[in-house]
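As you go down the protein sequences, you meet chains H and D in turn. Just so we're aligned: the first sequence equals residues 1 to 119 in this note's numbering. Just so we're aligned: the second sequence equals residues 1001 to 1119 in this note's numbering.
There are 2 protein chains.
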Amino acid sequence: MTSTAAADARALPHPAREEIRLEAVLHALSDPMRLRIVRELAAVSGDELSCSHFDLPITKSTTTHHFRVLRESGVIRQTYRGTAKMNSLRANDLNGLFPGLLGALLVSADRQAARLGEG
Amino acid sequence: MTSTAAADARALPHPAREEIRLEAVLHALSDPMRLRIVRELAAVSGDELSCSHFDLPITKSTTTHHFRVLRESGVIRQTYRGTAKMNSLRANDLNGLFPGLLGALLVSADRQAARLGEG
């Protein structure tokens, strides 16, 4: 009971699947850092990655902002596990709403990174 | 000569295909009005539509701003024809750079519009 209540108190707000909007998803992915986070999450399939896993060339508060934009748009799910905030891609929700979009976005991002020599 | 020079003087700046960036395209499409413009242009295939064709519930200056964002991101091409500014989707450029993305975006936008009863 206590641990459930504590977990609930720390639960972060997420849009339900039917609340996710295409425009918000596209806005979330229109930033290079957020696109990079999504590519890394996609690379581990359904696995979770902690925020500290990401080695981004930006401040901690900017990183937190980017994760919040991704969560509030419905692109990622964030869950506390102990002291770590874990992140996973909402691939099932996105694929259900927007068939083929996430795949096309990831392929496009990969191709652009290769083209620009960013690996 | 004279008419060519006049046309050049009025030519609007566009990114070359290789200058188009995925993040800028996604940002351009992250606005409901701009997404609507792109859907209308896609519906007429490669045809051009004048700015005045679009009956958007926004001011003329905001409309001009949206078309400029679409042009500068590489999503549309804008050309003067007499006094009209004509717009067309840069589908070939986008499909060459980002295979499958434009199609998936349009399908997603259609599905969302149907789901939200926006036709």
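All residues carry an ideal CB built from backbone N, CA and C; glycine is no exception. Keep in mind the model is a prediction, meaning the values are calculated, not measured.
- Listed by position along chain D, the residues whose Cβ is nearer than 9 Å to that of Pro-99 (chain H) are Ala-1104, Val-1107, Ser-1108 and Arg-1111.
- Scanning H:Asp-93, H:Gln-78 and H:Asn-92 for the CA closest to the CA of Met-86 (chain H) turns up H:Gln-78.
- Residue-level contact check: Leu-1056 (chain D) does not touch chain H, since none of the beta carbons of chain H fall below 8 Å from its beta carbon.
- Within the region 38 to 52 of chain H, no residue places its CB atom closer than 9 Å to a CB of chain D.
- A straight-line Cα-Cα distance of about 7 Å links Leu-70 (chain H) and Arg-34 (chain H).
- Within chain H, not a single residue places a beta-carbon under 9 Å from that of Leu-1089 (chain D); the smallest gap is close to 16 Å.
- Going by DSSP, Arg-68 (chain H) is part of the alpha helix (DSSP H) stretching over 60 to 72.
- Short of 6 Å from the beta carbon of Tyr-80 (chain H), and not among the five residues preceding or following it, lie these beta carbons of its own chain, in chain order: Arg-10.
- Of the other Cβ atoms in all chains shown, 16 or more fall within 10 Å of the Cβ of Val-25 (chain H); this residue is therefore buried.
- Counting only residues of its own chain and dropping the five nearest sequence neighbours on each side, Leu-1012 (chain D) has a CB closer than 6 Å to the CB of Gln-1078.
- The DSSP-derived three-state label of Ala-11 (chain H) is coil.
- Under DSSP, Gln-1078 (chain D) shares a beta bridge with D:Asn-1087.
- One alpha carbon belongs to Glu-1072 (chain D), the other to Pro-1015 (chain D), and they sit about 6 Å apart.
- Taking CB atoms only, Asp-31 (chain H) has a neighbour in chain D less than 8 Å away.
- Non-local C-beta neighbours of Ala-1028 (chain D) in its own chain, meaning closer than 7 Å and more than five positions away in sequence, comprise Arg-1034, Val-1069, Leu-1070, Ser-1073 and Val-1075, ordered along the chain.
- DSSP places Ser-1052 (chain D) in the helix class (H, G or I) of the three-state scheme.
- Rounded to the nearest angstrom, the gap between the Cα atoms of Pro-32 (chain H) and Glu-1023 (chain D) is 7 Å.
- Contact between Arg-1039 (chain D) and Ala-1109 (chain D) holds: their C-beta atoms lie close to 6 Å from each other, under 8 Å.
- 8 Å or more divides the Cβ of Leu-97 (chain H) from the Cβ of Ala-42 (chain H).
- No Cβ of chain D is located within less than 8 Å of the beta carbon of His-14 (chain H).
- About 7 Å separates the CB atoms of Phe-54 (chain H) and Thr-63 (chain H); that is less than 8 Å, so the two are in contact.
- Taking 8 Å as the cut-off, the Cβ atoms of Ser-50 (chain H) and Ala-84 (chain H) count as close.
- Within the same chain, Cβ atoms closer than 8 Å to the Cβ of Leu-1094 (chain D) are found at Ile-1020, Val-1025, Gly-1074, Val-1075, Leu-1101 and Leu-1102, the five residues on either side in sequence being excluded.
- Not one beta carbon of chain H lies nearer than 8 Å to the beta carbon of Glu-1072 (chain D).
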